[in-house]
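Colleague:
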Amino acid sequence: AQTVTQSQPEMSVQEAETVTLSCTYDTSESDYYLFWYKQPPSRQMILVIRQEAYKQQNATENRFSVNFQKAAKSFSLKISDSQLGDAAMYFCAYRSVGNDMRFGAGTRLTVKP
Amino acid sequence: DAEITQSPRHKITETGRQVTLACHQTWNHNNMFWYRQDLGHGLRLIHYSYGVQDTNKGEVSDGYSVSRSNTEDLPLTLESAASSQTSVYFCASSEGRGETQYFGPGTRLLVL
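Those sequence lines, one after another, are chains A and B.
According to the numbering used here, the first sequence is numbered sequentially starting from 233.
According to the numbering used here, the second sequence is numbered sequentially starting from 717.
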C-alpha cells in the first residue's frame, strides 16, 4: 500500500524568510501524482501545488515550488518570502492513476512576524 | 462559480442514531470522495464514487455507506453512530481519476 510520510509535525519560519517542508512516499507505481494542500484555521483544504511524476521539471506556483526527487521518492515544498497568511497545516498527498489519494499526517507551519 | 458544499456544517448526535451528511457539487465532476480528518492521521478515505451508481470502499469504510443516484450528490450515512466516528468530514470531487481534488468546507460531527 502506498504511504505518505511527513516527518516534521511542526515548523516555524520568520516572515519574509524561506522554509522547506518535507514529504516522502512509498510506491511501486511509475505513473502518479503528488500534491501539497494547505489547511488554514478555517479548515478549508486548498490546493497549493501539483506535480505529475512523468514530468522531470519541478512545479512552481508563485512563491511555492517543489523539489521532486523521483528516485528518492521525495517531494518537498519550498515557500519563499513567507507571509503571515501562509500559516496553516500543510498536507502532502499521493495518488496513482485509478487509485485513491493518500495523505500524510500534516505539518503545522507557524510564521513569526 | 462552480463549488462543492456540505451540510450541515456542525452536527451533534447520540450513539446509535443514523446520521446523513450531504455533499453537493456543481463542477459536474464524475468522481466524488468522502474523507475523515482526525488529529495525527491527516485525511483518510471513507468511500468514493467514479460515477452514478458506482461506489467503492476506502481505507476506513466500516460503519459508513454512500449512494450515488446523480452526478451532483454523494450523501454519507452513518448507520449507527459511534463515539469513534466523532471527526471532521470532508467531501471532495475531481474531474479525472488522477486530477486535483476540490474540497468542501467540512462537517464537524460530535457523537455523544
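Beta carbons: idealized from backbone N, C-alpha and C, even for Gly.
Computed from a predicted structure; not experimentally measured.
1) For Y780 of chain B and E795 of chain B, I'd like the C-alpha separation in whole angstroms.
2) Under 9 angstroms, CB to CB, which of the residues in the region 267-287 of chain A have a partner in chain B?
3) Any C-beta of chain A within less than 7 angstroms: which residues of the region 745-758 of chain B qualify?
4) Could you tell me which residues DSSP puts in a beta bridge with V298 of chain A?
5) From the DSSP output, which residues share a beta bridge with Q722 of chain B?
6) Going by DSSP, what residue range makes up the beta strand (DSSP E) through D258 of chain A?
7) Checking 7 angstroms against the spacing of the C-beta atoms, do P821 of chain B and Q276 of chain A come in under that value?
8) Helix, strand or coil for S800 of chain B, going by three-state DSSP, please let me know.
9) Using a C-beta to C-beta distance shorter than 7 angstroms, which residues of chain B count as neighbours of V298 of chain A?
10) Note down the Cα distance separating F749 of chain B from S262 of chain A, rounded to an integer number of angstroms.
11) Consider the Cβ of L761 of chain B: report whether some Cβ of chain A lies at a distance smaller than 7 angstroms.
12) At a cut-off of 6 angstroms, would you count H745 of chain B as near the ligand MG, judging by its Cβ distance to the nearest heavy atom?
13) Determine whether the beta carbon atoms of N747 of chain B and S810 of chain B lie at a separation below 7 angstroms.
14) As a quick exercise: from B:A797, B:F806 and B:T731, pick the residue whose alpha carbon is nearest that of I762 of chain B.
15) Can you list, in chain order, the residues of the region 331-345 of chain A whose Cβ is nearer than 7 angstroms to any Cβ on chain B?
16) Strictly below 9 angstroms CB to CB, what residues from chain A border T721 of chain B?
Modeller: To lay it out plainly:
1) As a first step, residue 780 of chain B is located in the second sequence; it is residue number 64 there, counting from the start. As a first step, residue 795 of chain B is located in the second sequence; it is residue number 79 there, counting from the start. Computed Cα separation, rounded: 6 angstroms.
2) Within the region 267-287 of chain A, the residues whose Cβ lies closer than 9 angstroms to some Cβ of chain B are F267, Y269, Q271, S274, R275, Q276, M277, I278, L279, R282 and E284, listed in chain order.
3) G756, H757 and G758
4) Along the first sequence, one-based indexing puts residue 298 of chain A at 66. Bridge partners of V298 of chain A: A:L309.
5) For the purposes of this step, residue 722 of chain B is taken as residue 6 along the second sequence, with counting starting at 1. Q722 of chain B is bridged to B:C739.
6) Mapped onto the first sequence, residue 258 of chain A falls at position 26. Run containing D258 of chain A: T256 to D258, per the beta strand (DSSP E) assignment.
7) Looking up residue 821 of chain B in the second sequence gives position 105. Looking up residue 276 of chain A in the first sequence gives position 44. Yes; because the gap between Cβ atoms is below 7 angstroms, this pair is in contact.
8) Stepping through the second sequence from its first residue, residue 800 of chain B is reached at position 84. Correct three-state label for S800 of chain B: helix.
9) Translated into positions along the first sequence, residue 298 of chain A becomes position 66. By Cβ distance, chain B contributes nothing, its closest Cβ being about 15 angstroms from V298 of chain A, past 7 angstroms.
10) Within the second sequence, the letter at position 33 stands for residue 749 of chain B. Within the first sequence, the letter at position 30 stands for residue 262 of chain A. Rounded to whole angstroms, F749 of chain B to S262 of chain A spans 24 angstroms at the Cα level.
11) As a first step, residue 761 of chain B is located in the second sequence; it is residue number 45 there, counting from the start. Under the 7 angstroms criterion on CB atoms, L761 of chain B is classed as interfacial with respect to chain A.
12) With respect to the ligand MG, the structure offers nothing, as it holds no ligand at all.
13) Counted from its first residue, the second sequence places residue 747 of chain B at position 31. Counted from its first residue, the second sequence places residue 810 of chain B at position 94. Result yes, Cβ atoms of N747 of chain B and S810 of chain B sit closer than 7 angstroms.
14) As a first step, residue 762 of chain B must be located in the second sequence, where it is residue number 46. Answer by Cα proximity: B:F806.
15) D332, M333, F335, G336, A337 and G338
16) To locate residue 721 of chain B, count along the second sequence from 1; it is residue 5. The premise fails here: T721 of chain B is roughly 12 angstroms from chain A at the closest Cβ pair, so nothing lies under 9 angstroms.
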